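S.K.: Right, I'll just put the structure down here and ask away after.
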């Protein structure tokens, strides 16, 4: 039996990625698509790579008919999302891909996003969407908050280590390299090809990136005490992919064993042999995460490196994995596409 | 029921692309993989993006057991292919992705490849693998010759026009732009990132590219008279994708109508609305072909532009589409993956 | 003795390229810089790669003091340029890098740019800035119109051939590949890294690109009869470089000899040995043009391929070369920087 | 008066970069060029971007006549360099761009390069070529050892901080991102465009990169005690540029002030305003280094980010700067080319 879904904000990259993945999903059908500036257009106009699909025309949200729809993917910009979701029928299951429901504490939201939350009551209800660690809550949830793509990558590298107590909680550095699609289809000078290609640089240096709110929330929760990591994201001249190089203190082999055991049964998380490390090239377009561990020459120090595709496992693939859980579909359905290399 | 296949030459890009596509094909199972220099390694070592799959270890061809195998994909280098295929059991169905069996006439082979063919008897038997135009022959074939990726692109733009007599046969120019993966995983100085990135140039200029042998053979056959096109391929700093800009003489709207009608029922060939034209970005990683037609400011002249992914529709996707036909599987099975954008 | 210049529109790519080139020019000094939205900022903020230079702060044009200034480079958007230049003191020498003064015939301007010219009297006065072909007029000019970068590339390949009568004037096709910086630092969705990288496509297909106005004007003038070429530009995922693949009818060796002779004394135009052809990689960041000629397999047909850097020889390098002429400086001064490879 | 130089190993990228820079150097003339496999060819064949220059043909080293030559740039592979230099006339000044003479201690050489040094007597004589810190020794030297490009980048960020005692010497992490040209023009599978473009990954993880030998030697020397940093280089899909993100413990503003003061008089080292940080894009093709400092949200932690072009300031530009010193030429001559952006 097919489940019917709507995608709000289908003219952005995460919206398009949802359509790409659902295109070959055997049990989900796209019943409605919304856009704002591009309402009235077909998806073939907005995203010609989806031209071969029969898809509903883009409509404004207020024109959509939600009857018969089981689940809504909300791929809208931050802040817009909370007011739209607040107004949706309570009967709908919702997966939000924005940042609006990731932080449970309204004060944390206000700190990182600079203004009070408009739907704090929903914030309490929302389940954090990092599938492997909130699987049962997601299965039962009405509203799931997709994680930040950078935040997901860092957490895959670190959560089992924090939980197992095998690393020093005060000495964690995440040096992260991200492709450009994570910034969305937005008209910003620094996202132009001529500004990015052949260049690379850090951004949001010095503890200012909003995904730190997620790291703080999640790592402190696992540790049962405040944990603050150091986090420096970089923009790399590539379209997809996040590589997190995580510097930790602990025994490298124990760290590797802890990760290997934690993810042994996970279909999408692959821990490489000890000493090997991943490339973003090898997860591109897929829902897989590759994690490697290497010891430093100085004992007691190690590097954990995690790679995933920000648009797939970092957002839309994660969302679809969660949708499968929420709709009672086998979790991996539609998500086992192999990475595209080269 | 699952069909068992072997892939010879699995350490190259077309071999890896076959594995990627078959990974989610419900009716085909990979039973054996061969490599030469990398025999003994696992696919995870040779192609880490396939790490999540359970695959047979790479073996040398002479170590393979072909019993129980239905079909062999032969992704070996040119010239090697003919001697290997010659020695394979006659009971096997074979799809060759090299250039060895594309030219029916042994003299044409010798002209373009510079030496006599070693298996001219098989050359006669081989069916040219451009699926949409040889569908019934392929269904019945034992040996199918995969087309050149450039040759496929040009033919998708031109075959229906030549057949319908709507263009001047003596005034065809194919200016083609190709990504680098078409050159394979070979250690050549001009394929290094530092040599290619940010640069673009023509190659095999002046009627010397071997795919001209295919153009000559096929176009002359359709026209019933010799047809010689002008063909200039260019190397573009991108990994995948072929864009053929084809200059023809004829009425643009008639040309568009001819193509639209010819491909109306084809699942993978999409003719864009008149005046629109395609990007390689919008077919990447997929088996789709996008074709556009635009009239010139001077009446009687038009441009036909075709885009496909050289590794998918241009080689391994085509091969799998042909395998489906040869094995009695629904033709589009495993091939409807949407393009990956961005 | 140093000459003092102003650059209007210094916040765009051609403005920045002028500053880069003048930075090591021994006889030209930058006395004023203007910008519109970014007025008030330093060049180090707007273009951090120029951080090491002592430069005037960006001002609005109306704030500039033109006394003591010898020459103005006008790197403003099309249409803005004509009204600004109209208002500049007559004593100033002016080089305009926009399209505003390229077309001598006001009707041609209106045809290609869609509205009447605001300064038709200046249009008559302006000298077309293709240095090698208008050298003496430029030396004596008050107002020089920089050429289109695509238009320059095509003309370097074709002008001597048309003048010598060695090609068929009715059978010229220019298939051109351009990097993205030619489109300027403008916030357009199709110029985003995620939209361009790994993709390539044609644009302005079918005789609609405005540089056709320049081709028509110049080629018809040389031929003494109307000449209309076919022209298809493509956007390539690279920042700099134009490669024009020009299809002509004529004897290849005669064509090569004609070009070699025409450019024998030119310091910046290099005709490669017969049969060789250029790459954009080998002219990047420089004022050099590389031109190659290859005969087709069919006698009487040839391909001429020209490569240059659109920001240097295609605009700002050309402008500086013209400025040298207008200011009585040795023509090549400051322009012999070798290309940057890789 | 012009000085005559030879470049050994002119068929590699650092050799070509030397030629590019010397092309517009007013006081240095290239008298001889050597290559191994490509001996007999012209530079125009080996590096078409240098086609416009009149250069000596490539010869084998043993064919060169060193009489009348003042200085030799040795751009040969590691290990080859030491045996070649050993055999050169003592009257020649030599700048070696390989790794052979960077480590003063023969045991350190053997440790990092895996075999005994063949010319330990020269090793003692060689001056470490980090210009800003060994200026007087270089001026007087006969043999200067060019630094590793990664090693240079890390040292520009750290040397003044270690000397001033403003950071914790045991808590230094260098996370470095490097473009591909640093690996040279070598035929390795991982340097192919198809393997690199769109992918990024670490390499030599875990304290195994040979440039650690330089860090250890230099930092320990400055500190007067052993200093071991943690160092993780990454390969980025770009041709040029190194970005070093250095994690240190200390007061961010003091760190910034220390760097700003240390480099205040240096012509090529630019310390950005506090809180700003650099991009590789903004130093490309130039001899400039950009350094930024940002404090972390946690007091006592800071990030220092340094960017340079590996082929220019990281190797050939550094070499030319040193050559200027050794030949009594003004130090910045020929090196003030502005970066090429975009």
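Residue numbers (my numbering), protein chains in the order written: chain F, 446 to 787; chain R, 446 to 787; chain Z, 446 to 787; chain V, 446 to 787.
Virtual Cβ for every residue (Gly too), placed ideally from N, Cα, C.
These numbers were taken from a predicted model, which means no experiment stands behind them.
In chain F, what lies closer than 9 Å to residue 474 (chain R) by C-beta?
M.R.: Your numbering for residue 474 (chain R) matches position 29 in the second chain. Those do not exist, as residue 474 (chain R) stays about 15 Å from chain F at its closest Cβ, beyond 9 Å.
S.K.: In whole angstroms, what separates the C-alpha of residue 757 (chain F) from that of residue 473 (chain Z)?
M.R.: Taking the first residue of the first chain as position 1, residue 757 (chain F) is located at position 312. Taking the first residue of the third chain as position 1, residue 473 (chain Z) is located at position 28. About 53 Å.
S.K.: Taking the Cβ atom as the reference point for each residue, do residue 514 (chain V) and residue 450 (chain V) lie within a distance shorter than 8 Å?
M.R.: Along the fourth chain, one-based indexing puts residue 514 (chain V) at 69. Along the fourth chain, one-based indexing puts residue 450 (chain V) at 5. Contact: yes.
S.K.: Span of the beta strand (DSSP E) holding residue 541 (chain Z)?
M.R.: As a working mapping, residue 541 (chain Z) is identified with position 96 in the third chain. Segment 538-541, the beta strand (DSSP E) holding residue 541 (chain Z).
S.K.: For the region 693-706 of chain V and the region 737-754 of chain V, state whether three or more C-beta atom pairs, one from each stretch, are separated by less than 8 Å.
M.R.: yes
S.K.: Closest Cβ-Cβ distance between residue 638 (chain F) and chain Z: below 8 Å?
M.R.: Reading the first chain from its first residue, position 193 is the one you call residue 638 (chain F). So, interface residue.
S.K.: How many angstroms separate the CA atom of residue 464 (chain F) from the CA atom of residue 519 (chain F)?
M.R.: As a first step, residue 464 (chain F) must be located in the first chain, where it is residue number 19. As a first step, residue 519 (chain F) must be located in the first chain, where it is residue number 74. So the alpha carbons of these two residues sit roughly 13 Å apart.
S.K.: Buried or exposed: where does residue 459 (chain Z) fall if 16 or more other Cβ atoms within 10 Å of its Cβ makes it buried?
M.R.: Position 14 of the third chain, counted from the first residue, corresponds to residue 459 (chain Z). Buried.
S.K.: How close, in whole Å, do the beta carbons of residue 657 (chain F) and residue 731 (chain F) come, if the pair is a contact with beta carbons under 8 Å?
M.R.: By 1-based counting over the first chain, the position of residue 657 (chain F) is 212. By 1-based counting over the first chain, the position of residue 731 (chain F) is 286. Actually they are not in contact, since the Cβ atoms of residue 657 (chain F) and residue 731 (chain F) sit about 27 Å apart, beyond 8 Å.
S.K.: With 9 Å as the limit, tell me which residues of the region 649-664 of chain Z have their beta carbon closer than that to any beta carbon of chain R; keep them in chain order.
M.R.: 650, 651, 652, 653 and 657
S.K.: Leaving aside the five residues before and after residue 650 (chain R) along the sequence, list all residues of the same chain whose C-beta is less than 7 Å from its C-beta, in chain order.
M.R.: By one-based count along the second chain, residue 650 (chain R) stands at place 205. For residue 650 (chain R), where only same-chain residues beyond five positions count, the Cβ hits under 7 Å are 677.
S.K.: Taking the straight line between their C-alpha atoms, what separation do you get for residue 777 (chain Z) and residue 780 (chain V)?
M.R.: The residue given as residue 777 (chain Z) occupies position 332 in the third chain. The residue given as residue 780 (chain V) occupies position 335 in the fourth chain. Going by the C-alpha atoms only, they are around 19 Å apart.
S.K.: Assess, as a yes-or-no matter, whether the region 696-715 of chain F is touched by the region 618-638 of chain F under the definition of 3 or more beta carbon pairs within less than 8 Å.
M.R.: no
S.K.: Taking a cut of 9 Å between CB atoms, which residues from the region 738-771 of chain Z lie near chain R?
M.R.: 739, 740, 741, 742, 743, 746, 747, 748, 750 and 752
S.K.: Pick helix, strand or coil for residue 565 (chain V), following the three-state DSSP scheme.
M.R.: Locating residue 565 (chain V) in the fourth chain gives position 120, where the first residue counts as 1. Reduced to three states, the DSSP call for residue 565 (chain V) is helix.
S.K.: Does residue 625 (chain R) come within less than 8 Å of chain V when only Cβ atoms are used?
M.R.: Taking the first residue of the second chain as position 1, residue 625 (chain R) is located at position 180. By this cut-off, residue 625 (chain R) is an interface position.
S.K.: Examine chain R for any beta-carbon lying closer than 8 Å to the beta-carbon of residue 731 (chain Z), and answer yes or no.
M.R.: Residue mapping note: residue 731 (chain Z) aligns to position 286 of the third chain, counting from 1. No, its Cβ sits nowhere closer than 8 Å to a Cβ of chain R.
S.K.: Determine, using beta carbons only, whether residue 463 (chain Z) comes closer than 8 Å to chain F.
M.R.: Your numbering for residue 463 (chain Z) matches position 18 in the third chain. With 8 Å as the cut-off, residue 463 (chain Z) does not count as an interface residue toward chain F.
S.K.: Taking residue 704 (chain Z) and residue 583 (chain Z) to be in contact with their CB atoms under 8 Å, please state how far apart those CB atoms are, rounded to whole angstroms.
M.R.: The residue you call residue 704 (chain Z) lines up with position 259 of the third chain. The residue you call residue 583 (chain Z) lines up with position 138 of the third chain. Rounded, the Cβ-Cβ distance is 22 Å, inconsistent with contact.
S.K.: Under a three-way DSSP split, which group does residue 419 (chain R) fall into?
M.R.: Residue 419 (chain R) is absent from the structure shown; chain R starts at 446 and stops at 787.
S.K.: From residue 702 (chain R) to residue 740 (chain R), what distance separates their C-alpha atoms?
M.R.: Your numbering for residue 702 (chain R) matches position 257 in the second chain. Your numbering for residue 740 (chain R) matches position 295 in the second chain. Roughly 13 Å separates the two Cα atoms.
S.K.: I need the boundaries of the alpha helix (DSSP H) containing residue 639 (chain R), first residue and last residue.
M.R.: Position 194 of the second chain, counted from the first residue, corresponds to residue 639 (chain R). First-last of the alpha helix (DSSP H) with residue 639 (chain R): 638-641.
S.K.: 8 Å is my cut-off, CB to CB: does residue 787 (chain F) come that close to chain V?
M.R.: On the first chain, residue 787 (chain F) is found 342 positions in, with the first residue counted as 1. So yes, residue 787 (chain F) belongs to the interface.
S.K.: Taking 7 Å as the limit between beta carbons, can you name the residues of its chain near residue 596 (chain R), skipping five residues before and five after?
M.R.: Locating residue 596 (chain R) in the second chain gives position 151, counting from the first residue. When the five nearest sequence neighbours on each side are left out, the beta carbons in the same chain lying within less than 7 Å of the beta carbon of residue 596 (chain R) are those of 656, 659 and 660, in order along the chain.
S.K.: Just checking my contact of residue 784 (chain F) with residue 494 (chain R) at CB under 8 Å: how many whole Å lie between their CB atoms?
M.R.: By one-based count along the first chain, residue 784 (chain F) stands at place 339. By one-based count along the second chain, residue 494 (chain R) stands at place 49. That belief holds up - the Cβ atoms of residue 784 (chain F) and residue 494 (chain R) are roughly 4 Å apart, short of 8 Å.
S.K.: Give, in chain order, every unbroken run of the beta strand (DSSP E) that is at least 3 residues long and sits entirely within the region 461-509 of chain Z.
M.R.: 473-479
S.K.: Using the Cα positions of residue 538 (chain V) and residue 506 (chain R), report the straight-line distance between them to the nearest angstrom.
M.R.: Taking the first residue of the fourth chain as 1, we reach residue 538 (chain V) at position 93. Taking the first residue of the second chain as 1, we reach residue 506 (chain R) at position 61. Distance between the alpha carbons of residue 538 (chain V) and residue 506 (chain R) is about 56 Å.
S.K.: Shortest alpha-carbon distance to residue 586 (chain V) belongs to which of V:592, V:572 and V:652?
M.R.: As a working mapping, residue 586 (chain V) is identified with position 141 in the fourth chain. Considering only alpha carbons, the answer is V:572.
S.K.: Would you tell me roughly how many angstroms separate the C-alpha atoms of residue 714 (chain F) and residue 666 (chain V), rounded to the nearest one?
M.R.: Position 269 of the first chain, counted from the start, is the residue given in the question as residue 714 (chain F). Position 221 of the fourth chain, counted from the start, is the residue given in the question as residue 666 (chain V). Roughly 44 Å separates the two Cα atoms.
S.K.: Sort V:556, V:526, V:560 and V:485 by Cα distance to residue 546 (chain V) and report the nearest one.
M.R.: Position 101 of the fourth chain holds residue 546 (chain V). The shortest C-alpha separation from residue 546 (chain V) is found at V:526.
S.K.: Per the contact definition of three or more C-beta pairs closer than 8 Å, is the region 678-690 of chain R in contact with the region 617-626 of chain R?
M.R.: Yes, they touch.
S.K.: Which runs of the alpha helix (DSSP H) fall wholly inside the region 680-740 of chain F and span at least 4 residues, in chain order?
M.R.: 697-707
S.K.: Can you give, in chain order, each stretch of the alpha helix (DSSP H) that sits fully within the region 512-556 of chain R and has at least 4 residues?
M.R.: 525-531
S.K.: Helix, strand or coil: which one does DSSP assign to residue 619 (chain Z)?
M.R.: Start at 1 with the first residue of the third chain, and residue 619 (chain Z) comes out as number 174. Strand at residue 619 (chain Z).
S.K.: Do residue 672 (chain F) and residue 614 (chain F) have their beta-carbon atoms positioned less than 8 Å apart in this structure?
M.R.: For this step, residue 614 (chain F) is matched to residue 169 along the first chain. For this step, residue 672 (chain F) is matched to residue 227 along the first chain. Cβ distance < 8 Å, so residue 614 (chain F) and residue 672 (chain F) count as in contact.
S.K.: List the residues of chain F that residue 683 (chain R) touches, going by C-beta distances under 8 Å, in chain order.
M.R.: Walking along the second chain from the start, residue 683 (chain R) turns up at place 238. Simply none; closest approach about 10 Å.
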